[in-house]
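Undergrad: After the structure tokens below, expect a handful of questions from me.
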Amino acid sequence: MKTKPEQSEDGDAKRQKLTELFASYNDDEEEEGNVRDGGGGTIINNGGMAENNHHELQQEDDDDEEEEEDRVGQWRRGRAIEVRRDCPYLDTVNRQVLDFDFEKFCSVSLSNLNVYACLVCGKYYQGRGQKSHAYTHSLEAGHHVYINLRTEKVYCLPDGYEVSDPSLDDIRHVLNPRHCSWMPLLMIPANYRFSRGQVGQIDQNRQWSRSLDGSDYLPGMVGLNNIKETDFVNVTIQSLMRVTPLRNFFLIPENYANCKSQLVLRYGELTRKIWHARNFKGQVSPHEFLQAVMKASKKRFRIGSQSDPVEFMSWLLNTLHGDLKSGKKSRSIIHQCFQGELEVAKEIHSKYIGEKNENGDGGTEVGKVIMETSKMPFLMLGLDLPPPPLFKDIMEKNIIPQVPLFNIMKKFDGETVTEVVRPLIARMRYRVTKLPQYLILHMRRFTKNNFFVEKNPTLVNFPVKNLELKDYIPLPARNENEKMRSKYDLIANIVHDGKPGEGSYRVFVQRKSEELWYEMQDLHVSETLPQMVALSEAYMQIYEQQQ
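Counting in the UniProt record's numbering, the sequence shown runs from 1 upward without gaps.
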């Protein structure tokens with residue numbers, strides 16, 4: 001048995017140990033539920049590690065330890081963080097170096113838990129307790145103002161008090177975009193969110209915004225950083241930003257608040273940043289979204305490796321749909337915008353040897369035709385380009401082959417036969433039975449063989465406005481007295497430049513507020529003429545149904 005002085009010394013050591021435990025990475029708003037008092041005697045620290053003191057300490061010291069835990073727990077719950085408005089270090093905040101587009105990881109420990117951004121140098125550090133990296137940085141570098149990247153609260157270190165000053169609201173709005181472009185910043189509360197009515201009026205806004213460096217930019221028309229061969233992602237994102245229902249859905253975080261998919265959350269955050277009117281700079285880096293894409297696709301699409309925007313668009317829409325649909329609901333905002341329906345008639349020719357005749361003659365080859373008709377949904381339609389001529393004379397070498405869009409759309413008239421060889425040799429006929437609100441078309445320019453990838457340079461002549469499909473594709477009416485809407489307007493056109501596997505992608509998009517066209521290639525954004533859109537080598541297009 002221990003004497004009373006020895007027990008007292010052990011109690012002091014335990015008390016000091018518990019105090020150090022709670023002092024490290026000291027965050028009241030995040031550690032509020034991390035300390036439990038009571039008979040269990042379990043303490044959970046910031047790293048999520050539980051220490052069961054019942055098995056580690058001797059039996060005779062259990063009562064003393066429980067009392068110490070009770071005292072520390074009461075002290076933690078009863079302690080209040082001082083809130084001040086007269087912080088003397090606010091003039092050291094440097095908005096020029098703040099960049100919240102990258103992943104929220106501590107620059108020292110590489111942890112994503114309890115991360116703060118230094119508002120003086122822009123670096124990320126973990127915690128704000130006396131043994132945290134942010135606390136150490138405040139002493140070593142003399143940087144005193146930090147913002148919690150999750151709670152958006154601002155603190156002064158090493159003093160430890162919370163700073164409440166309206167002049168910091170613009171930083172909070174850049175960290176988490178939440179307001180519409182035409183609202184004055186001083187009229188926006190800190191907890192403001194996009195409302196459905198205001199989101200619906202975004203396309204009517206013609207106001208330009210100004211970044212910190214004095215350059216002007218258009219909300220929704222900002223450039224995207226090409227981190228490394230990620231132009232296929234940039235053109236896909238810029239195209240989807242023109243789809244009004246999809247954009248409006250992701251501008252309101254409450255629509256997908258219950259979704260746990262990081263891809264959905266990062267796509268929504270990227271959407272809000274692109275359409276944010278109070279950015280510190282006129283460009284956005286999709287770094288966090290790309291990290292979510294790499295993880296969700298198991299590195300099928302990754303930074304540093306060029307990919308096909310058609311494949312990425314198909315994967316992204318299907319993955320977002322799978323993550324957004326809830327238990328009983330089989331439809332999502334993705335299917336509401338892009339899903340149509342095809343009727344597929346398959347004609348399979350099978351051959352077999354007939355039975356031998358009575359005189360012993362050999363059997364004859366008999367053909368059998370199997371017809372199958374089915375309906376299948378689609379998110380995009382693939383169009384086959386006619387092959388370019390193999391042999392050209394001197395004059396034809398300077399001529400680029402062209403084909404009207406309506407000619408290659410005949411594939412879906414229900415009569416044109418398409419030969420397929422996989423999985424079986426068959427003759428296919430396609431007929432559109434339901435048109436989507438937004439029609440995605442992609443021209444199959446690239447063909448692969450055993451040796452190389454070949455690009456078809458044929459230009460497709462397409463209308464920018466009033467694409468009437470019913471004149472070329474037979475469309476059934478929904479009801480006898482109701483006609484199917486079959487007239488479309490182009491809103492996005494993705495173009496491939498250069499050789500297959502080596503070229504780059506750019507996109508033409510329309511700004512609805514002024515009906516102007518813009519050419520976008522990574523950070524390059526410039527106004528262009530509609531005639532230039534029609535002269536490009538279209539690779540993938542998005543058409544909007546006229547209402």
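For each residue, glycine too, the CB sits at the ideal point set by N, CA and C.
Could you compute how far the alpha carbon of residue 294 sits from the alpha carbon of residue 288?
TA: Locating residue 294 in the sequence shown gives position 294, where the first residue counts as 1. Locating residue 288 in the sequence shown gives position 288, where the first residue counts as 1. Approximately 10 Å between the Cα atoms of the pair.
Undergrad: Taking all protein chains shown into account, decide if residue 281 is buried (16 or more other Cβ within 10 angstroms of its Cβ) or exposed.
TA: As a working note, residue 281 is residue 281 in the sequence shown. Residue 281 is buried by the Cβ-count criterion.
Undergrad: Just the C-alpha distance for residue 299 and residue 168, rounded to the nearest angstrom, thanks.
TA: Position 299 of the sequence shown holds residue 299. Position 168 of the sequence shown holds residue 168. Pairing residue 299 with residue 168, the inter-Cα distance amounts to about 38 Å.
Undergrad: So the candidates are 449, 423, 410; which of them puts its Cα closest to the Cα of residue 472?
TA: On the sequence shown, position 472 is the one that residue 472 refers to. Closest option to residue 472, Cα to Cα, is 410.
Undergrad: Please state whether DSSP places residue 517 in a helix, a strand or coil.
TA: Counted from its first residue, the sequence shown places residue 517 at position 517. DSSP places residue 517 in strand when its eight states are reduced to three.
Undergrad: Identify every residue that forms a DSSP beta bridge with residue 345.
TA: Counting from 1 along the sequence shown, the entry for residue 345 is found at position 345. According to DSSP, which records beta bridges pairwise, residue 345 is partnered with 373, 429.
Undergrad: Would you kindly report the start and end of the unbroken alpha helix (DSSP H) that includes residue 534?
TA: Numbered from 1 along the sequence shown, position 534 holds the residue referred to as residue 534. That run of the alpha helix (DSSP H) goes 530 to 534.
Undergrad: Can you list, in chain order, the residues of its chain whose CB lies under 7 Å from that of residue 206, leaving out five sequence neighbours each side?
TA: Here residue 206 corresponds to residue number 206 of the sequence shown, with the count starting at 1. Answer for residue 206: 513, 514, listed in chain order.
Undergrad: For residue 331 and residue 95, I'd like the C-alpha separation in whole angstroms.
TA: Position 331 of the sequence shown, counted from the start, is the residue given in the question as residue 331. Position 95 of the sequence shown, counted from the start, is the residue given in the question as residue 95. The alpha-carbon atoms of residue 331 and residue 95 are separated by roughly 42 Å.
Undergrad: To the nearest angstrom, how far is the alpha carbon of residue 486 from that of residue 149?
TA: Within the sequence shown, residue 486 is the residue found at index 486, counting from 1. Within the sequence shown, residue 149 is the residue found at index 149, counting from 1. Going from the Cα of residue 486 to the Cα of residue 149 covers about 47 Å.
Undergrad: From 452, 439, 322, 238, pick the residue whose C-alpha is nearest to that of residue 494; which is it?
TA: For the purposes of this step, residue 494 is taken as residue 494 along the sequence shown, with counting starting at 1. Comparing Cα positions, the closest option is 238.
Undergrad: From residue 256 to residue 338, what does the alpha carbon distance come to, in whole angstroms?
TA: Indexing the sequence shown from 1 puts residue 256 at position 256. Indexing the sequence shown from 1 puts residue 338 at position 338. Whole-angstrom Cα-Cα distance: 19 Å.
Undergrad: Could you tell me whether the region 401 to 415 touches the region 459 to 474, using the rule of 3 or more Cβ pairs below 8 Å?
TA: yes
Undergrad: Hey, how far is the Cα of residue 385 from the Cα of residue 245?
TA: For the purposes of this step, residue 385 is taken as the residue at position 385 of the sequence shown. For the purposes of this step, residue 245 is taken as the residue at position 245 of the sequence shown. Approximately 31 Å between the Cα atoms of the pair.
Undergrad: Go ahead and pull the three-state DSSP assignment for residue 143.
TA: Here residue 143 refers to the residue found at position 143 when the sequence shown is read from its first residue. It is coil, neither helix nor strand.
Undergrad: Let me know the alpha helix (DSSP H) ranges lying completely inside the UniProt domain "UBP-type" (85 to 182), each 4 residues or longer, listed in chain order.
TA: 133 to 141, 169 to 175
Undergrad: Can you give me the C-alpha to C-alpha distance between residue 534 and residue 429, rounded to a whole angstrom?
TA: If you number the sequence shown from 1, residue 534 lands on position 534. If you number the sequence shown from 1, residue 429 lands on position 429. Each residue's Cα considered, the two are about 29 Å apart.
Undergrad: Cα separation between residue 155 and residue 526?
TA: Translated into the one-based positions of the sequence shown, residue 155 becomes position 155. Translated into the one-based positions of the sequence shown, residue 526 becomes position 526. Cα-Cα distance, rounded: 41 Å.
Undergrad: Spatial neighbours of residue 559 within its chain, please: C-beta separation below 6 Å, excluding the five flanking residues on both sides.
TA: In this structure the chain extends from 1 to 547, so residue 559 is not present and cannot be described.
Undergrad: Grab the span of the beta strand (DSSP E) containing residue 494 for me, first residue to last.
TA: The residue labelled residue 494 in the question sits at position 494 within the sequence shown. First-last of the beta strand (DSSP E) with residue 494: 487 to 497.
Undergrad: Check for me: the alpha helix (DSSP H) holding residue 240 runs from which residue to which?
TA: Position 240 of the sequence shown, counted from the first residue, corresponds to residue 240. Per DSSP, the unbroken alpha helix (DSSP H) holding residue 240 starts and ends at 231 to 240.
Undergrad: So, with DSSP's three-state summary, where would you put residue 538?
TA: As a working mapping, residue 538 is identified with position 538 in the sequence shown. It is a strand residue.
Undergrad: State the DSSP-derived secondary structure class of residue 311, mapped to helix, strand or coil.
TA: Here residue 311 corresponds to residue number 311 of the sequence shown, with the count starting at 1. If DSSP states are grouped into helix, strand and coil, residue 311 belongs with the helices.
Undergrad: What is the rounded straight-line gap between the Cα of residue 488 and the Cα of residue 545?
TA: By one-based count along the sequence shown, residue 488 stands at place 488. By one-based count along the sequence shown, residue 545 stands at place 545. A direct Cα-Cα distance of roughly 4 Å separates residue 488 from residue 545.
Undergrad: Mapping DSSP to helix, strand and coil, what is residue 524?
TA: Taking the first residue of the sequence shown as 1, we reach residue 524 at position 524. Of the three classes helix, strand and coil, the one that applies to residue 524 here is strand, per DSSP.
Undergrad: Whose CA, out of 260, 243, 105, lies closest to the CA of residue 126?
TA: In the sequence shown, residue 126 corresponds to position 126, counting from 1. Closest in alpha carbon position to residue 126, among 260, 243, 105, is 105.
Undergrad: Could you check how far apart the C-beta atoms of residue 382 and residue 444 are, in whole angstroms? I think they sit under 8 Å.
TA: Walking along the sequence shown from the start, residue 382 turns up at place 382. Walking along the sequence shown from the start, residue 444 turns up at place 444. Yes, residue 382 and residue 444 are in contact; Cβ-Cβ is about 6 Å, under 8 Å.
Undergrad: For residue 115, which residues of its own chain have a beta-carbon under 6 Å away from its beta-carbon, when the five flanking residues on both sides are left out?
TA: As a first step, residue 115 is located in the sequence shown; it is residue number 115 there, counting from the start. Contacts found: 104, 106, 124, 126, 149.
Undergrad: Tell me the residue span of the beta strand (DSSP E) that contains residue 420.
TA: For the purposes of this step, residue 420 is identified with residue 420 of the sequence shown, where counting begins at 1. Residues 418 to 420.
Undergrad: Kindly indicate which three-state DSSP category residue 472 falls into: helix, strand or coil?
TA: Translated into positions along the sequence shown, residue 472 becomes position 472. If DSSP states are grouped into helix, strand and coil, residue 472 belongs with coil.
Undergrad: According to DSSP, is residue 453 helix, strand or coil?
TA: Locating residue 453 in the sequence shown gives position 453, where the first residue counts as 1. Residue 453: strand per DSSP, three-state reduction.
Undergrad: Straight-line CA distance for residue 498 to residue 504?
TA: As a first step, residue 498 is located in the sequence shown; it is residue number 498 there, counting from the start. As a first step, residue 504 is located in the sequence shown; it is residue number 504 there, counting from the start. Roughly 7 Å separates the two Cα atoms.
Undergrad: Any contact between the region 302 to 319 and the region 227 to 234? By contact I mean 3 or more CB pairs, one from each, below 8 Å.
TA: Result yes; three or more Cβ-Cβ pairs closer than 8 Å.
Undergrad: So what does residue 439 bridge to, in DSSP terms?
TA: Residue numbering aside, residue 439 sits at position 439 when the sequence shown is read from its first letter. Paired residues: 543.
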